[in-house]
Amino acid sequence: MAQCQCLEHRNLQRPQADPLQSDPSAVDRASISSYLQIPIVTDIDGMNILGLVLFALVLGVALKKLGPEGEELIRFFNSFNEATMVLVSWIMWYVPIGITFLIGSKIVEMKDIVMLVTSLGKYIFASILGHVIHGGIVLPLVYFAFTRKNPYRFLLGLLTPFATAFATCSSSATLPSMMKCIEENNGVDKRISRFILPIGATVNMDGAAIFQCVAAVFIAQLNNVDLNAGQIFTILVTATASSVGAAGVPAGGVLTIAIILEAIGLSTEYLSLILAVDWIVDRTTTVVNVEGDALGAGILNHLNQKATKKGEQELQEVKVEAIPNSKSEEETSPLVTHQNPAGPVAIAPELESKESVL
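The numbering of the sequence shown is my numbering, which starts it at 14 and goes up by one.
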């Protein structure tokens, strides 16, 4: 799949004919160009990442279809993933030392250090700008489209979890604060918040997907590689799929950039530069991630309230229609006898008069 999507344009040299032996008009055309760019399917170095991602998705669906028989294999993969995360947490303790030497080697190899620093600055600016546009414009517009409410008033009640996300760079660490604020300040149903937010902290990584795409393009430019449409599409698909499985811990999204680079045939040697500045980009990444979780919970809460009100109105209409119908049935039914409460009162004076005569 990766080979079919990674199309390259190569210059294939055409055999040059003698202008004197050919058509006279060929003399004018000979000076224009003797090369044609023909799109062909080529092989690229690295693993077939898109194929692995597609196989993993299909395997997950198949295991879910098996029911109880597939639960054992699902638990195995979950345990394997948790063990891998533990190993990564151990490795992260000495990562700063390794990054120092990796960056040092790259700086020594670079002929123009100023250009490298400038490129890193542009990468940081592009990533943060993408997060600002997505978190400040796109996500609020989605919330407004579903709820017709002011999204910024909703976000104003979440300043504390946003500050926590910016400081810790972890969606999982922000989860308790987010649950408390979204329930107390914004009035989201507890059942909805405690269902959506934990899932969003694991699955919803839109901020990570943004910076991963920017990082892949940045590394491609450092390698002087012009990305074609197929490679850009591969970056988008792979970043979306890999960000779902990214861990909600600091620098969790950087590890998945290697998957994207392998998918488009780029080397991972410049990944150390991304790790060096990730402590800056990861802060806005986490804020966008938790913002998407909160707005998703707010949208679901609004839809739930709307459905509940609609159900209550329909129930009231049914009750109002049922009351007159029941009265008319009682009045028209031949089996129902009606007693006049004034009867005994009218008879009572006659009885009193008879008693007085006696």
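Quick reminder that beta carbons are idealized off the backbone N, C-alpha and C, glycines included. Note that the structure is a prediction, hence the values are computed from the model and not measured.
*asked:* If distances are taken between C-alpha atoms only, which option among L308, L274, M98, T253 comes closest to L235?
replied: Translated into positions along the sequence shown, residue 235 becomes position 222. Among L308, L274, M98, T253, the Cα nearest to that of L235 belongs to L274.
*Grab the span of the alpha helix (DSSP H) containing N94 for me, first residue to last.*
Here residue 94 corresponds to residue number 81 of the sequence shown, with the count starting at 1. 81 to 104 is the span of the alpha helix (DSSP H), which, as asked, contains N94.
*Within this structure, are the beta carbons of I209 and G309 separated by less than 8 Å?*
Walking along the sequence shown from the start, residue 209 turns up at place 196. Walking along the sequence shown from the start, residue 309 turns up at place 296. Cβ distance < 8 Å, so I209 and G309 count as in contact.
*For G278, count neighbouring C-beta atoms within 10 Å of its own C-beta (all shown protein chains included) and say buried if the count is 16 or more, exposed if not.*
Stepping through the sequence shown from its first residue, residue 278 is reached at position 265. So G278 counts as buried.
_Can you tell me whether T97 is buried or exposed? The criterion is at least 16 other CB atoms within 10 Å of its CB, across all chains shown._
Taking the first residue of the sequence shown as position 1, residue 97 is located at position 84. Classification for T97: exposed.
*asked:* Taking the straight line between their C-alpha atoms, what separation do you get for K323 and G149?
replied: As a working mapping, residue 323 is identified with position 310 in the sequence shown. As a working mapping, residue 149 is identified with position 136 in the sequence shown. Spanning the two alpha carbons is a distance of roughly 32 Å.
*Nearest-angstrom Cα distance between N302 and M218?*
On the sequence shown, position 289 is the one that residue 302 refers to. On the sequence shown, position 205 is the one that residue 218 refers to. Whole-angstrom Cα-Cα distance: 5 Å.
*Quick one: residues in its chain with C-beta nearer than 8 Å to the C-beta of H147, no 5 flanking neighbours on either side, listed in chain order?*
Within the sequence shown, residue 147 is the residue found at index 134, counting from 1. So the list reads D219, G220, I223, V301, once near-sequence residues are dropped.
_Assigned secondary structure, S183 (DSSP; H/G/I helix, E/B strand, else coil)_ = In the sequence shown, the residue the question calls residue 183 occupies position 170. Of the three classes helix, strand and coil, the one that applies to S183 here is coil, per DSSP.
*Let me know if P37 comes out buried or exposed under the rule of 16 or more other beta-carbons within 10 Å of its beta-carbon.*
Looking up residue 37 in the sequence shown gives position 24. Per-residue confidence for P37 stands at a pLDDT of 46, beneath the threshold of 50, marking its modelled position as unreliable; no derived number is given.
*Is it true that the CB of G213 sits closer than 8 Å to the CB of D306?*
Taking the sequence shown and counting its residues from 1, the one referred to as residue 306 is at position 293. Taking the sequence shown and counting its residues from 1, the one referred to as residue 213 is at position 200. The answer is yes: Cβ separation under 8 Å.
*Spatial neighbours of A271 within its chain, please: CB distance less than 8 Å, with the 5 preceding and 5 following residues excluded, ordered by chain position.*
Residue numbering aside, residue 271 sits at position 258 when the sequence shown is read from its first letter. Result list for A271: T281, L284, in chain order.
_So, with DSSP's three-state summary, where would you put V201?_
Stepping through the sequence shown from its first residue, residue 201 is reached at position 188. Coil at V201, not helix or strand.
*Going by other Cβ atoms of all chains shown within 10 Å of its Cβ, with 16 needed for buried, is G80 buried or exposed?*
Along the sequence shown, read from residue 1 onward, the residue named residue 80 stands at position 67. It is exposed - the Cβ of G80 has fewer than 16 other Cβ atoms within 10 Å.
*DSSP-derived helix/strand/coil call for G267*: Indexing the sequence shown from 1 puts residue 267 at position 254. It is worth fixing the name first, because residue 267 is Val in this sequence and not Gly. Correct three-state label for V267: coil.
*CB-CB under 6 Å to V250, same chain, minus the five flanking residues each way: which ones, in chain order?*
Here residue 250 refers to the residue found at position 237 of the sequence shown. If we look at V250 and ignore the five residues flanking it on each side, it has no Cβ neighbours.
*Is the stretch 290 to 301 touching the stretch 91 to 109, taking contact as three or more C-beta pairs under 8 Å?*
no
*Check whether the Cβ atoms of C194 and T160 sit closer than 8 Å, and answer yes or no.*
Taking the first residue of the sequence shown as position 1, residue 194 is located at position 181. Taking the first residue of the sequence shown as position 1, residue 160 is located at position 147. Contact flag unset, no.
*What are the boundary residues of the alpha helix (DSSP H) that S140 is part of?*
By 1-based counting over the sequence shown, the position of residue 140 is 127. Element bounds for S140: 126 to 146.
*Quick one: what's got a C-beta closer than 7 Å to L115's C-beta in the same chain, skipping five residues either side?*
In the sequence shown, the residue the question calls residue 115 occupies position 102. Taken in chain order, the residues that qualify are S285.
*By DSSP, does L279 sit in helix, in strand, or in coil?*
Within the sequence shown, the letter at position 266 stands for residue 279. It is coil, neither helix nor strand.
*Could you give the C-beta distance for P382 and L188, rounded to a whole number, given that I count them as a contact under 8 Å?*
Outside the shown range of the chain (14 to 371) lies residue 382, about which nothing can therefore be said.
*For the alpha helix (DSSP H) that contains I245, what are its first and last residues?*
For the purposes of this step, residue 245 is taken as residue 232 along the sequence shown, with counting starting at 1. Note, I245: alpha helix (DSSP H), 242 to 257.
_Is the beta carbon of G311 closer than 8 Å to that of Y136?_
As a first step, residue 136 is located in the sequence shown; it is residue number 123 there, counting from the start. As a first step, residue 311 is located in the sequence shown; it is residue number 298 there, counting from the start. In this structure, G311 does not lie closer than 8 Å to Y136 by Cβ.
*Return the first residue and the last residue of the alpha helix (DSSP H) that Y156 is part of.*
For the purposes of this step, residue 156 is identified with residue 143 of the sequence shown, where counting begins at 1. Per DSSP, Y156 belongs to the alpha helix (DSSP H) from 152 to 160.
*What is the DSSP secondary structure of R23, reduced to helix, strand or coil?*
Here the question's residue 23 lines up with position 10 in the sequence shown. With a pLDDT of only 34 at R23, under 50, the local geometry of the prediction cannot be trusted, and no value is derived from it.
*Beta-carbon separation of F179 and T299 under 8 Å?*
For the purposes of this step, residue 179 is identified with residue 166 of the sequence shown, where counting begins at 1. For the purposes of this step, residue 299 is identified with residue 286 of the sequence shown, where counting begins at 1. Taking 8 Å as the Cβ cut-off, F179 and T299 qualify as a contacting pair.
*Can you name, in chain order, every residue of its own chain whose Cβ lies under 6 Å from the Cβ of A228, other than the five neighbours on each side?*
Taking the first residue of the sequence shown as 1, we reach residue 228 at position 215. Around A228: I270, I287.
*asked:* Is it buried or exposed, S102, if we count other Cβ atoms within 10 angstroms and call 16 or more buried?
replied: Sequence index remark: in the sequence shown, residue 102 carries index 89 (1-based). Exposed, since its Cβ has fewer than 16 Cβ neighbours within 10 Å.
_S47 - DSSP class collapsed to helix/strand/coil_ = To locate residue 47, count along the sequence shown from 1; it is residue 34. Here the model assigns S47 a pLDDT of 38, short of 50, so the residue's position is not dependable, and the following value carries that caveat. Correct three-state label for S47: coil.
*Would Q244 be called buried (16 or more neighbouring beta carbons within 10 Å of its own) or exposed?*
Translated into the one-based positions of the sequence shown, residue 244 becomes position 231. Result: buried.
*Rounded to whole angstroms, how far is the Cβ of V230 from the Cβ of V257, which I believe are closer than 8 Å?*
Taking the sequence shown and counting its residues from 1, one reaches residue 230 at position 217. Taking the sequence shown and counting its residues from 1, one reaches residue 257 at position 244. With 8 Å as the limit, V230 and V257 do not qualify as a contact, their Cβ atoms being about 21 Å apart.
_The alpha helix (DSSP H) that contains Y165, what's its start and end?_
Here residue 165 refers to the residue found at position 152 of the sequence shown. Here the alpha helix (DSSP H) through Y165 covers 164 to 169.
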